[in-house]
Each structure stands twice: as C-alpha cells, then as structure tokens.
Amino acid sequence: MKQEHIPVLLAEVVKYLNLKKGSVIIDCTLGGAGHAKAILRAIKPSGFLLGIDQDEMAINRAKKELSSFSQQIKLVKDSFTNLDEILMRDGFQKVDGVLFDLGVSSFQFDFPERGFSYRFDAPLDMRMDTSQKLTACDVVNTYSKDELTSLISQYGEEKWASRIASFVVETRRRRMIQTTFELVDIIKEAIPASARRKGGHPAKRTFQAIRIEVNGELDSLEKGLRSAIRWLKTGGRLVVISYQSLEDRIVKNIFKDYSKGCICPPEMPICVCGRKPITKILTKKPIKPSEGEKERNPRSKSAKLRVAEKS
Ligand SMILES: C[S@@+](CC[C@H](N)C(=O)[O-])C[C@H]1O[C@@H](n2cnc3c(N)ncnc32)[C@H](O)[C@@H]1O
Numbered sequence: 025m026k027q028e029h030i031p032v033l034l035a036e037v038v039k040y041l042n043l044k045k046g047s048v049i050i051d052c053t054l055g056g057a058g059h060a061k062a063i064l065r066a067i068k069p070s071g072f073l074l075g076i077d078q079d080e081m082a083i084n085r086a087k088k089e090l091s092s093f094s095q096q097i098k099l100v101k102d103s104f105t106n107l108d109e110i111l112m113r114d115g116f117q118k119v120d121g122v123l124f125d126l127g128v129s130s131f132q133f134d135f136p137e138r139g140f141s142y143r144f145d146a147p148l149d150m151r152m153d154t155s156q157k158l159t160a161c162d163v164v165n166t167y168s169k170d171e172l173t174s175l176i177s178q179y180g181e182e183k184w185a186s187r188i189a190s191f192v193v194e195t196r197r198r199r200m201i202q203t204t205f206e207l208v209d210i211i212k213e214a215i216p217a218s219a220r221r222k223g224g225h226p227a228k229r230t231f232q233a234i235r236i237e238v239n240g241e242l243d244s245l246e247k248g249l250r251s252a253i254r255w256l257k258t259g260g261r262l263v264v265i266s267y268q269s270l271e272d273r274i275v276k277n278i279f280k281d282y283s284k285g286c287i288c289p290p291e292m293p294i295c296v297c298g299r300k301p302i303t304k305i306l307t308k309k310p311i312k313p314s315e316g317e318k319e320r321n322p323r324s325k326s327a328k329l330r331v332a333e334k335s
C-alpha cells in the first residue's frame, strides 16, 4: 500500500528557518516538495525557493506540486554536493536559509522498481540519480568480501556484517544476485534465527548500508553542509533533518566545528589564532518528532532536526 507523503517536523522546519516574506531559501532535498510548499507559502509573494534533488522523478513531481508558485521557484536536478557550482551558475547571492531533509523519500520506497525496499521484489538498483552508473547490483556482485563486510558494518551498523558478506560471496560463486528478494533471503540465512527475531527486519541495516554506498550519501552530506554554511547570510539558518546515526554524527560534528571560537593552546596568555565562530548552534539537543507525529507518520520515528545560525 502506498503511504501518503507527509513532510517530517514541518512546523519545526518552518519555525527554525525563520521565514519572512521575501526570504531566499534553498531546499537541497526537494523530494515530494512538502516542505518546499510550506516554505513558499510563508515567503510569498516576493520570496524565492531553489529546489534541488538528484532524482529526476522528484523534480518532475515537484514541478506539478509547486505549479502555482512557478514565478518564485527554480528546480534543479543535481546533487547537493554540487551546491557551490549550482549557486554560482545561477548567479545567487547569499541566502536566508538552507534545508536538508536527508535520505530517501516515501515515493522512492513505494516504487518497487527503484529497488530501495526489502519489502518488494525488484532488480537491485537503489540509485537516486538513475543516470549514475553504479547500482546496488554492482555493489553486491563485484565488491570483495572485505569491502562488503566493512560497508555493511560501518554504514549499516550491522553486527552480522562479516557473515552476511560471506554468504553473499558464496552465493555469487554459483550465480549473480539480481533481485532484492534474493538478497533478503541471503541475509536471512546469514543471520542466526535467534538474532533475526530482534531489531526489526533483518535486511534493514544491510539495505541501508548498500543504499548509502550506491549514492555516496555520507561524502555528499559533508560537502553539501560545508557549502551551505558558506552561502548563508549573517543570521541565515541551516536546518538539517537526519534519520540515522551516521548522518546525524556528521551534522553534529560539522556544527560543532563551525561554532568553535579560539583554538589557541590553553597556555597562550592571549589569542593568536584569531578564530571566530562561523555559526551558532540553536539546538543543543536535536529536536525529535512528538509521539503524535510518530504515530501519524511512522517514517518520522528516527528523525533528528538540528539548526545552526550563521554568525
Ligand atoms: C526525505 S526526502 C525529502 C522530502 C521532502 N523534504 C518533502 O517534504 O517532500 C529526501 C530527498 O532527497 C534527495 N536526495 C538525497 N540525497 C541527495 C543529494 N545528494 N542531492 C540531491 N538530492 C538528494 C532524495 O532523492 C529524496 O528525494
């Protein structure tokens, strides 16, 4: 059953972006355009929204969804890792706010043929940008056992990573692994029955790991966040929603790094580094969805929202 698309932490995003009529905002992860629409309502008639998504399907859906705001938007199919190039090419000046709502959107999960979901049988794909070459099928069938172990363990935080990698390598000696359900069966075989009963669907962590690898999600995030901070005006806000601990750690560390002032050794009588904080963290602890939101929208369950303001 397809789930209705509900934007996560919508009221909090609108509040923390500190939207005003005339604000210029970048939505780096347009997806189903739920956040974008609320942003546009708050900044109209003179505001402007640049929407970016690396998934062509998202851009096409967003065009329809936002058709009544056509004078106030520009939608670009690209990765937010190229934010500097996109903004320079389009002649942008500094902006009032940037939003990242990370991960995969409901419609990407709900289209079985995209291969993101372990609940539907489909070719192993998982590419957000379908023009890219590397697919989940390539990762599963060509990476060495050590590479698979390391990515499943690191990106999936899966303690059975080494066994899963061994079972994958063993299977592909006999045949190519082509579909999501073939991979789910291999994962189920690799994880002992007693462990399979805990911690959600047994394929969840491995699928997450392969998806992160296919889409280079963590590297893109780091680069995208650094660019976003550079493009903010003084007082401009960066709002990031992450859904898993690896992403959240990157966001937290970058925020911490940019909010640091003087880094002189403590024995220095006066500051010689001259370093000033570039941003101020507005959320000491991440904001999480209420129980009510988690119930209405199960996809929001693991969401964490962090906000930084440019100094
Ligand atoms: C959780 S959804 C965003 C949902 C959106 N905020 C809404 O209200 O509908 C994440 C979106 O980010 C896109 N995305 C993920 N990584 C990206 C990247 N590096 N560059 C551009 N888009 C990316 C995905 O294709 C997906 O459509």
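According to this note's numbering, the residues represented by the sequence shown are 25 to 335, in order.
For glycine and all other residues, C-beta sits at the position ideal for the given N, C-alpha and C.
Predicted, not measured: the structure shown is a model, and the values here were computed from it.
Would the beta-carbon of N127 fall within 8 Å of that of Y267?
Checking the sequence shown, residue 127 turns out to be Gly, not Asn. In contact: G127 and Y267 (Cβ atoms closer than 8 Å).
Between V132 and ligand 1, is the CB less than 7 Å from at least one heavy atom?
Reading off the sequence shown, one finds Gln at residue 132, where the question assumed Val. The answer is yes for Q132.
From the DSSP output, in three-state form, read off V275 for me.
helix
Length of the line joining the Cα atoms of D243 and V38:
27 Å
Rounded to the nearest angstrom, what separates C286 and S269 at their Cα positions?
29 Å
Quick check on Q117: buried or exposed, where buried means 16 or more other Cβ atoms within 10 Å of its Cβ?
exposed
Would S324 and K304 qualify as a contact pair, given that the criterion is a beta-carbon distance under 8 Å?
no
Identity of the residues DSSP links to T203 by a beta bridge:
P147
In its own chain, which residues sit with a C-beta less than 7 Å from the C-beta of M25, not counting the 5 before and 5 after it?
Residue placement at M25 is poorly supported in this model, since its pLDDT is 45, which falls under 50; the coordinates still yield a value, given next. Cβ within range, chain order: n/a, list empty.
Taking its Cβ as the centre, do 16 or more other Cβ atoms sit within 10 Å of C161, making it buried, or is it exposed?
buried
Would C295 be called buried (16 or more neighbouring beta carbons within 10 Å of its own) or exposed?
exposed
Assigned secondary structure, S266 (DSSP; H/G/I helix, E/B strand, else coil):
strand
Could you give the residue range of the beta strand (DSSP E) that holds T303?
303–305
Beta-carbon proximity check, K101 vs D114, cutoff 8 Å
no
Can the beta-carbon of L90 be found closer than 8 Å to that of H59?
no
Beta-carbon separation of I215 and W184 under 8 Å?
yes
Nearest to S129 by CA position, among G56, V264, I253, is which residue?
G56
Does T105 come out as helix, strand or coil in the three-state DSSP assignment?
helix
Is any heavy atom of ligand 1 found at a distance shorter than 7 Å from the C-beta of E246?
no
Where E36 sits in the DSSP three-state scheme:
helix
What are the residues that DSSP puts in a beta bridge with I311?
L329
I think Q78 touches D153, with their Cβ atoms under 8 Å apart; what is that distance to the nearest whole Å?
4 Å
Does DSSP put T258 in a helix, a strand or coil?
strand
Can you have a look at N277 and say buried or exposed, based on whether 16 or more other CB atoms are within 10 angstroms of its CB?
exposed
Just how far apart, CA to CA, sit E109 and L245?
15 Å
Which partner residues of L74 appear in the DSSP bridge assignment?
I50, K98
L123, enclosing alpha helix (DSSP H) - first and last residue
No alpha helix (DSSP H) contains L123, which is instead part of the beta strand (DSSP E) from 119–125.
DSSP three-state call for M25: helix, strand or coil?
For M25, the predicted model reports a pLDDT of 45, less than 50, meaning its position is unreliable; a value from the coordinates is still stated below. Of the three classes helix, strand and coil, the one that applies to M25 here is coil, per DSSP.
From the DSSP secondary-structure annotation, give me the bridge partner or partners of K334.
T303
Under 8 Å between C-beta atoms of D125 and V48
no
Where does A57 fall in DSSP's three states?
coil
Determine the DSSP secondary structure at T154, reduced to helix, strand or coil.
coil
Can you give me the C-alpha to C-alpha distance between T105 and K247, rounded to a whole angstrom?
6 Å
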